[in-house]
Amino acid sequence: MATDQNQSSDSTHSKQGVIPSTEKAVRDEQNSKVYNVLSGEVMTLAKKLVNYHSENNSLKKMVKRLERDVKSLETELEDLDECVDRETVIDLIHEIVPSLINEKSKGSAYSSESSEESDSDDTHVIRKRKDVAYAFIGAFS
Numbered sequence: 001m002a003t004d005q006n007q008s009s010d011s012t013h014s015k016q017g018v019i020p021s022t023e024k025a026v027r028d029e030q031n032s033k034v035y036n037v038l039s040g041e042v043m044t045l046a047k048k049l050v051n052y053h054s055e056n057n058s059l060k061k062m063v064k065r066l067e068r069d070v071k072s073l074e075t076e077l078e079d080l081d082e083c084v085d086r087e088t089v090i091d092l093i094h095e096i097v098p099s100l101i102n103e104k105s106k107g108s109a110y111s112s113e114s115s116e117e118s119d120s121d122d123t124h125v126i127r128k129r130k131d132v133a134y135a136f137i138g139a140f141s
C-alpha cells in the first residue's frame with residue numbers, strides 16, 4: 001500500500017509539474033504575441049511622430065513666410081495710404097463710372113455733332129484721371 005501511495009503521490013506531483021509548465025508555455029506564447037503587436041504599434045507611432053515632426057517644421061516655416069508677407073503688405077498698405085487719399089479715389093470713381101456707363105449705353109451712334117464733342121472732352125478728362133491713378137499704382141508695384 002505504501003508503494004501505491006508513493007506512485008499516486010509521484011503521479012500527482014508530475015501532473016502538477018506538467019500543468020504549470022503548460023500554463024507557463026501558454027502565457028509565454030501570449031506574451032510573445034502581445035509583445036509583437038505592441039512592438040508593431042510602437043514602430044507605427046514612431047513613424048507617425050517623425051512625419052508629424054517634419055510636417056510641423058514645414059508648417060512653422062510656412063507660418064514665418066506668411067508673417068513676413070503680411071508685414072510687407074501692411075507696410076505697403078501704409079505707404080499707399082500716405083500717398084493716396086481714399087476719399088479722393090472714391091470721388092474719382094463716382095465721377096468716372098457714370099461717364100463710362102453713359103458712354104457704354106450710347107454705343108457708337110450719336111444724335112448730333114455737339115454731343116460728340118462734349119463726349120470726347122469727358123473722355124479726355126477721364127483718361128487723364130486714369131493715368132494719374134495708374135501712376136500711383138505703378139509707383140508702388
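Mapped onto full-length UniProt numbering, the consecutive letters of the sequence shown carry residue numbers 1 to 141.
For each residue, glycine too, the CB sits at the ideal point set by N, CA and C.
This one's a predicted model, so the numbers in the text were calculated from it and none came from an experiment.
- In the DSSP assignment, V89 falls within the unbroken alpha helix (DSSP H) covering R86 to K106.
- Taking the CA atoms as reference points, S58 sits about 26 Å from E41.
- Scanning its chain for C-beta atoms nearer than 7 Å, with the 5 sequence neighbours on each side dropped, one finds no residue around H94.
- Across the structure, D79 and S72 are spaced so that their CA atoms are roughly 11 Å apart.
- Put simply, the backbone Cα of I101 is about 14 Å away from that of L92.
- A direct Cα-to-Cα measurement between T22 and Y52 gives close to 45 Å.
- A46 has its alpha-carbon roughly 46 Å from the corresponding atom of L77.
- A direct Cα-to-Cα measurement between E55 and S32 gives close to 34 Å.
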